[in-house]
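S.K.:
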Amino acid sequence: MTGTKQDEQLSYEQARAELASVVERLEAGGTSLEESLALWERGEHLAGVCQRWLDGARARIDATRQRAED
217 MTGTKQDEQL SYEQARAELA SVVERLEAGG TSLEESLALW ERGEHLAGVC QRWLDGARAR
277 IDATRQRAED
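Take a look at the structure:
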């Protein structure tokens with residue numbers, strides 16, 4: 217349940233929504249240890265996808281601000 221190439225094509229909103237679903241499932245409990253670990257790994261991967269989107273957005277904002285200052 218970790219990442220795939222298709223995951224890299226997820227929008228920020230899609231990755232965030234799936235991450236929220238993973239968190240809900242983990243918080244609800246009732247899963248086996250193995251399933252919980254798989255969910256955790258999936259959540260970590262999705263968090264990374266979200267972070268890459270946010271880092272890219274920050275870089276674009278910084279570049280635009282820099283051009284405006286020049």
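First residue of the sequence shown? That's 217 in our numbering, and the numbers climb one at a time after it.
Every residue, glycine too, gets a C-beta built ideally from N, C-alpha and C.
1) Please report the distance separating the alpha-carbon of H261 from that of E285.
2) Can you list, in chain order, the residues of its chain with a C-beta nearer than 8 Å to that of T247? Leave out the 5 residues immediately preceding and following it.
3) Around the Cβ of A231, are there at least 16 other Cβ atoms within 10 angstroms (buried) or fewer (exposed)?
4) DSSP on L270, reduced to helix/strand/coil?
5) Under the rule that 16 or more other beta-carbon atoms within 10 Å means buried, what is L249, buried or exposed?
M.R.: On the basis of the coordinates in this document:
1) Position 45 of the sequence shown, counted from the start, is the residue given in the question as residue 261. Position 69 of the sequence shown, counted from the start, is the residue given in the question as residue 285. Going from the Cα of H261 to the Cα of E285 covers about 36 Å.
2) Locating residue 247 in the sequence shown gives position 31, where the first residue counts as 1. Taken in chain order, the residues that qualify are R241 and L255.
3) In the sequence shown, residue 231 corresponds to position 15, counting from 1. The residue in question, A231, is buried, as its Cβ has 16 or more Cβ neighbours within 10 Å.
4) Sequence index remark: in the sequence shown, residue 270 carries index 54 (1-based). Helix, per DSSP.
5) Residue numbering aside, residue 249 sits at position 33 when the sequence shown is read from its first letter. Exposed.
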